[in-house]
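Peer 1: 1 is the number of the first residue of the sequence shown in full-length UniProt numbering; add one for each residue after it.
Beta carbons: idealized from backbone N, C-alpha and C, even for Gly.
I am attaching a structure below and will ask some questions about it afterwards.
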Amino acid sequence: MLQRREMLLHTSLKVKRKSFTSVARSFATVSPEALHIGDYTTANNPEEKEALTLMKEVKAVTATVPASGASHTVMRNEIRGLMIDQGSPSFYVTINPTDIYNPVVSLLAGGDLLKHRDQTILVGKNPSVAARFFKCYMKAFIKCILGYDPK
1 MLQRREMLLH
11 TSLKVKRKSF
21 TSVARSFATV
31 SPEALHIGDY
41 TTANNPEEKE
51 ALTLMKEVKA
61 VTATVPASGA
71 SHTVMRNEIR
81 GLMIDQGSPS
91 FYVTINPTDI
101 YNPVVSLLAG
111 GDLLKHRDQT
121 ILVGKNPSVA
131 ARFFKCYMKA
141 FIKCILGYDP
151 K
């Protein structure tokens, strides 16, 4: 419902300058019923034929309507412009904190270093240890690698 409201508020029509006068005349002569009832590919009478030509000439501009196709195109073009201006991003990070192989998990659980099988059982029985490990791991990554300390 909100998107429909945005569509109605922010949609405008665009016409080529050379066909503006004929389109203005068509708007005055074509009835709303011809636009509503008519098929979008074939015309059965002269009024529907004029409605079809009107629909071909007039383009809807929806660039400011959120989640519309035109707004997605605008966002893509902004990203492309940033990449042309500042270069493409060259720093990609893949973080894969594996809780069943990392010895920090067994230290967070309060025990000694465990073998792989025992640590797998520990994580399966006590998932809060894995969650604490993930939080600790991500905080260290954000602080050390990204250089951000949220204190």
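Hey, residue 141 and residue 95 are a contact pair by Cβ (cut 8 Å); roughly how many whole angstroms apart?
Peer 2: As a position in the sequence shown, residue 141 is number 141, starting the count at 1. As a position in the sequence shown, residue 95 is number 95, starting the count at 1. Residue 95 and residue 141 do touch by the CB rule: their CB atoms are close to 6 Å apart, below 8 Å.
Peer 1: Could you work out which residue in 92, 136, 62 is closest to residue 7 when comparing CA atoms only?
Peer 2: Counted from its first residue, the sequence shown places residue 7 at position 7. Of 92, 136, 62, the residue nearest in Cα terms is 62.
Peer 1: Please check if any C-beta of chain D sits within less than 8 Å of the C-beta of residue 126.
Peer 2: The structure shown has no chain D; it contains just one protein chain.
Peer 1: Could you give the distance in angstroms between the alpha-carbon of residue 97 and the alpha-carbon of residue 57?
Peer 2: Residue mapping note: residue 97 aligns to position 97 of the sequence shown, counting from 1. Residue mapping note: residue 57 aligns to position 57 of the sequence shown, counting from 1. Distance between the alpha carbons of residue 97 and residue 57 is about 56 Å.
Peer 1: Could you tell me which residues DSSP pairs with residue 12 in its beta bridges?
Peer 2: Walking along the sequence shown from the start, residue 12 turns up at place 12. DSSP lists 61 as partners of residue 12.
Peer 1: In or out: residue 50 buried (at least 16 other Cβ within 10 Å) or exposed?
Peer 2: Position 50 of the sequence shown, counting from 1, holds the residue named residue 50. That one is buried.
Peer 1: So, is residue 68 buried or exposed, given that buried needs 16 or more other C-beta atoms within 10 angstroms?
Peer 2: Locating residue 68 in the sequence shown gives position 68, where the first residue counts as 1. Label assigned to residue 68: buried.
Peer 1: To the nearest whole angstrom, what separates the beta carbons of residue 108 and residue 123, a pair I think is in contact under 8 Å?
Peer 2: To locate residue 108, count along the sequence shown from 1; it is residue 108. To locate residue 123, count along the sequence shown from 1; it is residue 123. Wrong, their Cβ atoms sit about 11 Å apart, outside the cutoff.
Peer 1: Along the chain, where does the alpha helix (DSSP H) that runs through residue 79 open and close?
Peer 2: Start at 1 with the first residue of the sequence shown, and residue 79 comes out as number 79. Counting along the chain, the alpha helix (DSSP H) containing residue 79 begins and ends at 69 to 86.
Peer 1: Quick check: residue 30 and residue 54, are their CB atoms within less than 8 Å of each other?
Peer 2: Counting from one through the sequence shown, the residue named residue 30 turns up at place 30. Counting from one through the sequence shown, the residue named residue 54 turns up at place 54. Going by C-beta atoms, residue 30 is nearer than 8 Å to residue 54.
Peer 1: Counting C-beta neighbours from all protein chains within 10 Å, is the total for residue 105 16 or more, i.e. buried, or is it exposed?
Peer 2: Residue numbering aside, residue 105 sits at position 105 when the sequence shown is read from its first letter. With 16 or more Cβ atoms within 10 Å of its Cβ, residue 105 is classed as buried.
Peer 1: In its own chain, which residues sit with a C-beta less than 7 Å from the C-beta of residue 19, not counting the 5 before and 5 after it?
Peer 2: As a first step, residue 19 must be located in the sequence shown, where it is residue number 19. Closer than 7 Å at Cβ, skipping near neighbours: 57.
Peer 1: Quick check: what's the CA-CA separation for residue 87 versus residue 79?
Peer 2: Residue numbering aside, residue 87 sits at position 87 when the sequence shown is read from its first letter. Residue numbering aside, residue 79 sits at position 79 when the sequence shown is read from its first letter. Taking the straight line from one Cα to the other gives about 10 Å.
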